[in-house]
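Protein chains in written order, with UniProt numbering: chain A, 1 to 235; chain B, 1 to 235. All remarks here apply to the structure that follows.
2 protein chains.
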Amino acid sequence: MKKLIIASTSTIHGGTYLDYLLPALEVHFKTCNELLFIPYARPGGISHDDYTVNVRAAFAKINKSVKGLHEFADPITAIQNAEGIFTGGGNTFLLVTQLYENKVMEILAETVKKGTPYLGSSAGSNITGISMQTTNDMPIIYPPSFTTLGLIPFNLNPHYLDPDLQSKHMGETRETRIKEFHAFNSTPVLGLREGSWLEVTGETIILKGELSARLFRQNQTPEELAAGSDLSWIK
Amino acid sequence: MKKLIIASTSTIHGGTYLDYLLPALEVHFKTCNELLFIPYARPGGISHDDYTVNVRAAFAKINKSVKGLHEFADPITAIQNAEGIFTGGGNTFLLVTQLYENKVMEILAETVKKGTPYLGSSAGSNITGISMQTTNDMPIIYPPSFTTLGLIPFNLNPHYLDPDLQSKHMGETRETRIKEFHAFNSTPVLGLREGSWLEVTGETIILKGELSARLFRQNQTPEELAAGSDLSWIK
């Protein structure tokens with residue numbers, strides 16, 4: 001049975017890395033002593049090693065050890081044998097490119113479908129959807145495909161940001177960008193605000209955290225879904 | 001001799017479509033009675049026809065007629081025969097995909113290099129760089145390549161936005177995103193603020209408008225370049 005925590009962000013304003021999620025992660029990863037960390041998204045270009053060191057420090061607080069996927073000679077076996085998996089944020093184009101280049105996109109999807117507990121934040125959450133086409137990231141590298149894990153039957157927009165009505169900036173709002181996506185794609189998009197996460201247990205998807213999420217569907221008015229809602233109906 | 005106006009945005013806060021640029025466009029397109037408009041970027045998913053109607057209304061103010069590239073049976077010949085060309089903003093992924101699918105990316109570069117006056121705004125400016133990899137847009141469609149026209153020897157980030165120091169949002173700033181680009185690419189990136197444009201005459205590139213632009217180079221501290229600067233040295 002699938003078990004995922006899909007977080008909008010790793011860090012909320014004024015907090016430290018993953019701290020707001022640690023109580024939930026203690027439950028989520030209760031059967032795991034060691035987590036496999038996928039550092040491919042490299043926020044700000046940080047190295048795989050440095051990124052893994054940061055993640056290791058956060059999980060030490062709940063007594064989990066962490067190994068980086070880049071430390072294994074065979075990434076496929078590493079994923080298949082993992083007790084639990086965390087994919088960190090950063091650049092989604094880079095993450096997806098690396099998952100394809102290391103031939104682990106499909107195996108990661110299969111492994112999580114079989115029940116290995118998974119945590120994603122930001123880019124690591126984006127890839128749980130149908131495609132990475134509603135990422136906010138810059139296309140710093142050309143991936144072989146935009147198709148992602150498909151562990152949930154819709155797309156995500158992490159770090160969802162409401163339009164700033166005071167702004168004099170004329171660039172597109174997040175909502176305008178998602179509307180452009182829906183001019184060409186029918187996949188629903190969930191705007192997940194910072195501090196929100198999805199808890200996926202089998203086919204049940206619950207919105208956690210204190211904030212509502214904003215659902216965008218093709219040719220429909222966007223709607224706010226309250227914290228605590230069951231989102232299993234979205235497809 | 002190349003003649004380009006490369007604008008950060010079509011519209012500045014409180015203004016109407018292209019109005020702040022019309023005096024410069026009157027000079028830039030002085031030899032043209034009719035402009036060829038490339039509507040492929042479709043902001044907000046607007047149709048090619050509707051987009052062309054809006055552009056036609058703006059250019060009527062300086063007595064230029066406008067035809068949309070989609071109105072021609074043969075887009076290659078339409079580009080080669082154009083008196084002047086304008087590529088409007090919208091989604092850069094869509095624009096680049098359509099330019100490749102209609103087999104006009106290369107012919108557009110060749111035609112502008114030969115001296116056909118060109119105007120780009122936003123996505124239409126992005127494509128004048130080496131690649132579209134510093135766009136702000138959402139990857140709503142998968143283009144066959146991220147390589148663009150290469151009419152200037154660097155990349156652009158249109159609608160450049162300074163970090164909001166008051167913000168509690170933890171998503172990446174524009175500067176962080178460009179830094180991620182430079183973790184993997186050496187092409188310089190010019191952050192062009194709204195209201196700024198580049199005037200390209202042959203190999204000379206001048207920063208126009210009232211604002212400075214922000215130059216990002218790999219492994220170097222970003223620098224502000226004053227309005228009116230000659231940017232021909234950037235490569």
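Glycine included, C-beta positions come from ideal geometry on N, C-alpha and C.
Strictly under 8 Å for the Cβ-Cβ distance: is Q133 of chain B near chain A by that measure? For Q133 of chain B, a Cβ of chain A is located within less than 8 Å of the residue's own Cβ.
Smallest Cα separation from L36 of chain A: which of A:E172, A:L119 and A:G171? Of the candidates A:E172, A:L119 and A:G171, A:L119 places its Cα closest to the Cα of L36 of chain A.
For a minimum of 4 consecutive residues, which ranges assigned as the alpha helix (DSSP H) are wholly contained in the segment 34–115 of chain A? As far as the segment 34–115 of chain A is concerned, its whole alpha helix (DSSP H) runs of at least 4 residues are 48–60, 75–81, 92–101 and 105–113.
Should A109 of chain A and L151 of chain A be called a contact, given that it needs their Cβ atoms to be closer than 8 Å? Cβ atoms of A109 of chain A and L151 of chain A: closer than 8 Å.
Chain A partners of M138 of chain B, CB-CB under 8 Å? Going along chain A in sequence order, the residues near M138 of chain B (Cβ under 8 Å) are Q133, T134, T135, N136, R177, I178, E180 and F181.
What residues match up with G120 of chain A in a beta bridge as DSSP calls it? For G120 of chain A, which the question treats as bridged, DSSP gives the partners A:I6 and A:T87.
Where the beta strand (DSSP E) through A205 of chain A begins and ends: Note that residue 205 of chain A is Ile in the sequence shown here, rather than Ala. For I205 of chain A, the uninterrupted beta strand (DSSP E) segment begins and ends at T204 to K208.
Using only alpha-carbon positions, find the residue among A:S131, A:K61, A:Y142 and A:S125 that is nearest to Q98 of chain A. Per the Cα distances, A:Y142.
Name the chain B residues whose beta carbon is nearer than 9 Å to that of residue 238 of chain A? Residue coverage of chain A in this structure runs from 1 to 235, which leaves residue 238 of chain A outside it and unanswerable.
Judging by CA-CA distance, which residue of A:L94, A:C32, A:I140 and A:Q220 is the nearest neighbour of S65 of chain A? Looking from the CA of S65 of chain A, the closest CA among A:L94, A:C32, A:I140 and A:Q220 belongs to A:C32.
Under DSSP, the beta strand (DSSP E) around R214 of chain A begins and ends at which residues? Per DSSP, the continuous beta strand (DSSP E) segment holding R214 of chain A begins and ends at A213 to F216.
Whole-number beta carbon distance between S10 of chain B and G89 of chain B, since they are thought to touch under 8 Å: With a Cβ gap of about 5 Å, G89 of chain B and S10 of chain B count as contacting.
In whole angstroms, give me the CA-to-CA distance for L190 of chain A and D49 of chain B. Each residue's Cα considered, the two are about 31 Å apart.
Would a check of beta-carbon distances place R42 of chain A closer than 8 Å to chain B? Closer than 8 Å: yes.
E26 of chain B: first and last residue of the uninterrupted alpha helix (DSSP H) it sits in: First-last of the alpha helix (DSSP H) with E26 of chain B: L22 to H28.
Would you report the Cα separation of G124 of chain A and V96 of chain A, rounded to the nearest angstrom? Rounded to whole angstroms, G124 of chain A to V96 of chain A spans 10 Å at the Cα level.
Mind listing the chain A neighbours of E26 of chain B? Cutoff is C-beta to C-beta under 9 Å, in chain order. Listed along chain A, no residue sits closer than 9 Å to E26 of chain B by beta-carbon distance, the nearest being about 22 Å off.
What's the gap between the Cα of N102 of chain A and the Cα of I46 of chain A? For N102 of chain A and I46 of chain A, the distance between alpha carbons rounds to 19 Å.
With T176 of chain B as the anchor, note down where its beta strand (DSSP E) starts and where it stops. From DSSP, T176 of chain B is part of no beta strand (DSSP E) but of the alpha helix (DSSP H) over R174 to H182.
Residues that I12 of chain A contacts on chain B, provided the C-beta gap is smaller than 8 Å: The CB of I12 of chain A comes closer than 8 Å to the CB of M170 in chain B, given here in chain order.
Over the uninterrupted beta strand (DSSP E) stretch that includes L161 of chain B, give me the two end residues. That residue, L161 of chain B, is in no beta strand (DSSP E); it is neither H nor E in DSSP.
Per DSSP, cross-strand counterpart(s) of S131 of chain A: As a beta-bridge residue in DSSP terms, S131 of chain A pairs with A:T147.
Segment contact flag, the segment 212–224 of chain A with the segment 181–190 of chain A, C-beta cutoff 8 Å, min 3 pairs: With a cut-off of 8 Å, the segment 181–190 of chain A and the segment 212–224 of chain A count as touching, because enough Cβ pairs lie within range.
List the residues of chain A that F72 of chain B touches, going by C-beta distances under 8 Å, in chain order. What F72 of chain B touches in chain A: nothing, since even the nearest Cβ is about 23 Å away.
Please report the Cβ distance between G129 of chain B and N91 of chain B, rounded to the nearest whole angstrom; I am assuming they are in contact, meaning their Cβ atoms lie under 8 Å. Not quite, the Cβ-Cβ distance comes to about 16 Å (not below 8 Å), so this is no contact.
Which listed residue (A:Y40, A:K61, A:I62 and A:K67) has its alpha carbon closest to that of V53 of chain A: In this structure, A:K67 is the residue among A:Y40, A:K61, A:I62 and A:K67 with its C-alpha nearest to the C-alpha of V53 of chain A.
Look up D230 of chain A in the DSSP assignment and say whether it is helix, strand or coil. In this structure, D230 of chain A counts as strand in the three-state DSSP scheme.
Do the segment 126–140 of chain B and the segment 131–139 of chain A meet, that is, are 3 or more Cβ pairs less than 8 Å apart? Yes, they touch.
Is the beta carbon of Y100 of chain A closer than 8 Å to that of A58 of chain A? No, these two residues do not count as a Cβ contact at 8 Å.
Which one or two residues does DSSP pair with L198 of chain A in a beta bridge? A:I6 and A:L207.
Taking DSSP as the reference, what is the three-state secondary structure of N155 of chain B? Strand at N155 of chain B.
Roughly how many angstroms separate the alpha carbons of Q166 of chain A and L192 of chain B, rounded to a whole number? Each residue's alpha carbon lies about 21 Å from the other.
Hey, could you find the ends of the beta strand (DSSP E) G171 of chain B is sitting in? That residue, G171 of chain B, is in no beta strand (DSSP E); it is neither H nor E in DSSP.
Amino acids of chain A, ordered along the chain, whose beta-carbon sits closer than 8 Å to that of T9 of chain B: Here the neighbours are M170 and G171.
Less than 7 Å separating the Cβ of I178 of chain A from some heavy atom of the ligand SAM? This structure simply doesn't include the ligand SAM, nor any ligand for that matter.
Residues from the segment 192–205 of chain B in contact with chain A, defined by Cβ distance under 7 Å: Of all residues in the segment 192–205 of chain B, E194 have a Cβ within less than 7 Å of some Cβ in chain A.
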